[in-house]
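Numbering (the numbering used here), first residue to last: 1 to 156.
Just so it is clear, CB atoms sit at the ideal spot from N, CA and C, and this is done for glycine as well.
Encoded as C-alpha cells, the structure appears first; notes follow it.
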C-alpha cells in the first residue's frame, strides 16, 4: 500500500491559484467590512475545531494570537458557553458559527436569534455568515486534501 504525499498550502497556492484567489477574496471582503478581527478569528478557530481541521485550527490560533485575542479565550473556546469570559458579541457570533456549521438550514433557536440580532447589525450578520461559510469551505478543502500543519512540517 502506497501512502500519498500530503498536499501543502504552497502546493495549493501554486497549482490552484484561481480557487485560492476566490477564497481569499471572501476573507478580504469580511476584513474590509469593519467586523472585529478578534471576533472573526474566534469564529474561524471554533468552526475549525468543530470540523476537526488541524491545518486551519493551527493557522487561526496563530492569527488570533497575533491579533491580540486573549490566551484564556483561546484556551476555553471549546467550552465558551460555560464561562463569562466572552462578550455578548463574541457569544452571539460563536453561537451563530456553531449553528451555521452544524445545521445551516434550520432556524436559529429564538434566544440565540435575539442575541445575534441585538449584537450585530444586518450588514455585520451577513459578513459574519460569509466568514463562517468561507472557513467551512477552507476546512473542507484542507481537511479532505490533508494539508500538512506547520507543526507536522517542522517535525520532519
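Report the three-state DSSP secondary structure of residue 51 (helix, strand or coil). The count along the chain shown starts at 1 and reaches residue 51 at position 51. Here residue 51 sits in coil by DSSP.
DSSP state of residue 143 mapped onto helix, strand, coil: By one-based count along the chain shown, residue 143 stands at place 143. Note: residue 143 maps to helix in three-state DSSP.
Can you check whether the CB of residue 136 is closer than 9 Å to the CB of residue 100? In the chain shown, counting from the first residue as 1, residue 100 sits at position 100. In the chain shown, counting from the first residue as 1, residue 136 sits at position 136. Yes, they are a contact pair.
Out of curiosity, what's the CA-to-CA distance linking residue 19 and residue 25? Within the chain shown, the letter at position 19 stands for residue 19. Within the chain shown, the letter at position 25 stands for residue 25. Whole-angstrom Cα-Cα distance: 10 Å.
Nearest neighbour of residue 132, chosen from 11, 108, 47 and 34 [CA to CA]: Translated into the one-based positions of the chain shown, residue 132 becomes position 132. It is 47.
In whole angstroms, what separates the C-alpha of residue 35 from that of residue 90? For this step, residue 35 is matched to residue 35 along the chain shown. For this step, residue 90 is matched to residue 90 along the chain shown. Distance between the alpha carbons of residue 35 and residue 90 is about 11 Å.
Could you tell me the alpha carbon to alpha carbon distance between residue 6 and residue 111, rounded to whole angstroms? Sequence index remark: in the chain shown, residue 6 carries index 6 (1-based). Sequence index remark: in the chain shown, residue 111 carries index 111 (1-based). In a straight line, the C-alpha of residue 6 is about 43 Å away from that of residue 111.
Output needed for residue 150: all residues of its chain with C-beta closer than 7 Å, excluding positions within five of it in sequence on either side, in chain order. For the purposes of this step, residue 150 is identified with residue 150 of the chain shown, where counting begins at 1. Cβ within range, chain order: 58.
Once the 5 residues before and after residue 13 are set aside, which same chain residues still bring their CB inside 8 Å of it? Locating residue 13 in the chain shown gives position 13, counting from the first residue. So the list reads 20, once near-sequence residues are dropped.
Just to confirm, are residue 109 and residue 33 a CB contact at a threshold of 9 Å? Here residue 109 refers to the residue found at position 109 when the chain shown is read from its first residue. Here residue 33 refers to the residue found at position 33 when the chain shown is read from its first residue. Cβ distance not < 9 Å, so residue 109 and residue 33 don't count as in contact.
What span of residues does the alpha helix (DSSP H) with residue 120 cover, start to end? Locating residue 120 in the chain shown gives position 120, where the first residue counts as 1. Run containing residue 120: none; DSSP gives neither H nor E here.
Sort 79, 106 and 40 by Cα distance to residue 63 and report the nearest one. Within the chain shown, numbered from 1, the residue matching residue 63 stands at position 63. Minimum Cα distance to residue 63 is reached at 40.
Once you ignore the five residues that flank residue 125 on each side, which residues in its own chain have a CB closer than 7 Å to its CB? As a first step, residue 125 must be located in the chain shown, where it is residue number 125. Excluding five sequence positions before and after residue 125, the CB atoms of its chain that fall closer than 7 Å to its own CB belong to 116, given in chain order.
Buried versus exposed, by CB contacts within 10 Å (16 or more), residue 44: Numbered from its first residue, the chain shown carries residue 44 at position 44. Looking at its Cβ environment, which holds 16 or more other Cβ atoms inside 10 Å, residue 44 is buried.
For residue 42 versus residue 93, is the C-beta distance shorter than 9 Å? Working through the chain shown from its first residue, we reach residue 42 at position 42. Working through the chain shown from its first residue, we reach residue 93 at position 93. Yes, these two residues count as a Cβ contact at 9 Å.
Close Cβ partners of residue 37 (< 6 Å) along its chain, the five nearest in sequence each way excluded: Locating residue 37 in the chain shown gives position 37, where the first residue counts as 1. The answer, listed in chain order, is 67.
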